[in-house]
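Structure, as structure tokens:
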Amino acid sequence: MVSLTSRVSSENLSRGRKTPWKLSVTRKANARARLKKVDAVIEAVRASGVQCKALDHAMLLPKEHEMDPKDKYTVFSSTARGYRKGIHKVPKWTRVRPPFTLAKRSSHNRVL
Amino acid sequence: MATTLVRLASPRSGILHKAVARSYSGHAPEPNTHFKITLRRSAIALGERKKETLTALGLHRRMQTVYHAYTPEAAGKILKVKELVEVKNVPASAVRTQSEQRWERRAPRGYSIGSSRLRRFS
Chain A
1 MVSLTSRVSS
11 ENLSRGRKTP
21 WKLSVTRKAN
31 ARARLKKVDA
41 VIEAVRASGV
51 QCKALDHAML
61 LPKEHEMDPK
71 DKYTVFSSTA
81 RGYRKGIHKV
91 PKWTRVRPPF
101 TLAKRSSHNR
111 VL
Chain B
1 MATTLVRLAS
11 PRSGILHKAV
21 ARSYSGHAPE
31 PNTHFKITLR
41 RSAIALGERK
51 KETLTALGLH
61 RRMQTVYHAY
71 TPEAAGKILK
81 VKELVEVKNV
91 PASAVRTQSE
101 QRWERRAPRG
111 YSIGSSRLRR
121 FS
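Protein chains in written order, with UniProt numbering: chain A, 1 to 112; chain B, 1 to 122.
Here is the structure:
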């Protein structure tokens, strides 16, 4: 016989840990710090004076201070209400900088 | 691995030569010639291409550091994994091989006497 509480806990287990709908202040600060580290890598490669196509592409990326908070913490989602969902719902979001943060795409998203 | 690492001084002169070159280098600051690349985040579950890029850079584990001369190829590889690495520009004298890095990290041999009660009576 399965009690109500055990069923609820097993549902939570099967879904994994509950994900909060928005990022906390600390997680947002950590996300900004990671973006700044990526900016530092691009800046170091630029400062080296080496020219390559990958650098041209990287220079198109907006820097952390140029990005909208909306682009830092949320991503486009066709199914979410308001067409935006928290960026922490994206798999591996702390280790990838997905194409939706590109300058062109972010201005496109701003329309939505 | 040996091919990816950049070796500047002859194998015999090694660290000593570089240390001397550092301390007696001229007044003008040495120009940066190399990327110092440290792997901060692992590429586990980020796809084979990123893992292969790290391998091509000579990075096999987190917190490992490699040096690469300024080339478009090295820059492209760095930018491919820019979320995972930390990059600094360093002059040629700062370049270390993996064994040299390990040698510099090692604990000092022997011991030194900080204070002794015997000295008071001598």
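C-beta: ideal position from N, C-alpha, C; glycine also.
* Asked: Distance, Cα to Cα, B/R44 vs A/V38?
  -> Sequence inspection shows Ile at residue 44 of chain B; the Arg mentioned does not correspond to that position. One C-alpha to the other measures close to 18 Å.
Cβ-Cβ distance between residue 162 of chain B and A/A54 below 9 Å:
This structure cannot speak to residue 162 of chain B, because chain B is shown only from 1 to 122.
So, with DSSP's three-state summary, where would you put A/H86? In the sequence under discussion, the amino acid at residue 86 of chain A is Gly, which differs from the His named in the question. Looking at A/G86 - three-state DSSP - the assignment turns out to be strand.
Requested in this report: Would you kindly report the start and end of the unbroken alpha helix (DSSP H) that includes B/P72?
Outcome: P72 to K80
key: Nearest to A/N30 (by Cα), restricted to the options A/S78, A/P91, A/K85 and A/Y73   = A/Y73
Report yes if the C-beta distance between B/S42 and B/R62 is below 9 Å; otherwise report no. yes
Considering only the alpha carbon of each residue, which of B/S115, B/R109, B/I113 and B/E100 lies closest to B/Q64?
B/E100
| message | Could you check whether the Cβ of A/R27 sits closer than 8 Å to any heavy atom belonging to the ligand MG? | response | The ligand MG is not among the ligands present in this structure, which contains no ligands whatsoever.
Using DSSP bridges, identify the partner residues of B/P91.
-> B/N32
Requested in this report: Show which residues of chain B have a CB atom less than 9 Å away from the CB atom of A/A47.
Outcome: N32 and N89
Q | Per-residue DSSP class, three states only, for A/A40 | A | helix
### Task
Check the Cβ of B/I113 against every Cβ in chain A and list those closer than 9 Å, keeping chain order.
The contacting residues do not exist; B/I113 stays about 44 Å from chain A at best.
Tell me the DSSP bridge mates of A/T74? A/G86
Report task. Ignore the nearest five residues each way along the sequence and tell me which others in B/N89's own chain have a CB closer than 8 Å to its CB. Result -> N32, H34, F35 and K36
Handout entry: Counted within 10 angstroms of its Cβ, other Cβ atoms place A/N109 as buried (16 or more) or exposed
Key = With a pLDDT of 40 at A/N109, under the threshold of 50, the modelled position of that residue is not reliable, and the figure given next carries that caveat. Answer is buried; the Cβ neighbour count reaches 16.
Worksheet item: Is the number of C-beta pairs between the region 65-78 of chain B and the region 47-57 of chain B that are closer than 8 Å three or more?
Response: yes
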